């Protein structure tokens, strides 16, 4: 008779299964989008039962949202939102996407297939609110152009920093001139110099 799994071991296995599903789903949705992505392929790639996808995430849309949130938070953790150097922030996002091109494809699929997804992701909404508040404080301190309300300024900055890579083609062909142009655009919005 096999020994019973401990609750701690079961939780560890569940976390590992969830992580494998998210990893496989990231690759699947980056390549095929939500409509073209197949839960059967995700299950096979992750060595998980297809029913587990629905148990953990509720639906294919729920899985896509979890993948999206996980990867956007990955960008946020990797690149600090520095209100004192927003052109530099834009360049760092550019550099991050250059080394993680699948995330550009994932965000492009999100824009095409689930444009309202961000409104339903509490961690993303909270992070955006924090960034807007930081911009408002920077505007009050005279560090950032105050011509636009902080929420609108944030929307423009994020449109440039996240939208530019989506329109720049294959990440392996991105140039330093594109990187500098992106920073120059953010500098024009914020009134901050391009330092790099």
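Residue numbers (this note's numbering): 15 to 210.
Heads up, the beta-carbon is just placed ideally off N, CA and C, and yes, glycines get one too.
None of these values were measured; they are calculated from a predicted model.
For residue 36, I'd like the list of residues in its chain whose CB is within less than 7 Å of its CB, leaving aside the five on either flank, ordered along the chain. 80, 81 and 84
Fill in: Nearest-angstrom Cα separation, counted from residue 116 out to residue 162
32 Å
Exercise. By how many angstroms is the C-alpha of residue 155 removed from the C-alpha of residue 99?
Worked result: Going from the Cα of residue 99 to the Cα of residue 155 covers about 14 Å.
Proximity of residue 95 and residue 128 at Cβ, strictly below 8 Å:
no
Q: Please state if the CB of residue 208 and the CB of residue 193 are separated by a distance shorter than 8 Å.
A: no
- Where does residue 60 land, buried or exposed, given buried means 16+ other C-beta within 10 angstroms? Residue 60 counts as buried, since no fewer than 16 other beta carbons sit within 10 angstroms of its beta carbon.
Subject >> Close-in-space but distant-in-sequence residues of the same chain around residue 139 (CB under 8 Å, 5 per side omitted) >> reply: 132 and 133
Out of 91, 119, 150 and 90, point me to the one whose CA is closest to residue 47's CA. From the listed residues 91, 119, 150 and 90, the smallest Cα separation to residue 47 is found for 119.
Next item on the list: Please go through the same chain and pick out, in chain order, the residues whose beta-carbon is closer than 6 Å to the beta-carbon of residue 231, but skip the five residues on each side of it.
Entry: In the structure displayed, the chain extends from 15 to 210; residue 231 sits before or after that span and is not available.
Using beta-carbon positions only, say whether residue 141 and residue 164 come within less than 8 Å of one another. Residue 141 is not a Cβ neighbour of residue 164, given a cutoff of 8 Å.
* To do: Closer than 8 Å by C-beta to residue 44: which residues in its own chain qualify, once you throw out the five before and the five after it? Chain order, please.
  => Result list for residue 44: 116, 117, 119, 120 and 123, in chain order.
| Boundaries of the alpha helix (DSSP H) in which residue 159 is found, first to last residue | Residue 159: not part of any alpha helix (DSSP H); DSSP gives it neither H nor E.
Taking residue 172 as the reference, give the member of 137, 86 and 157 with the closest Cα.
-> 86
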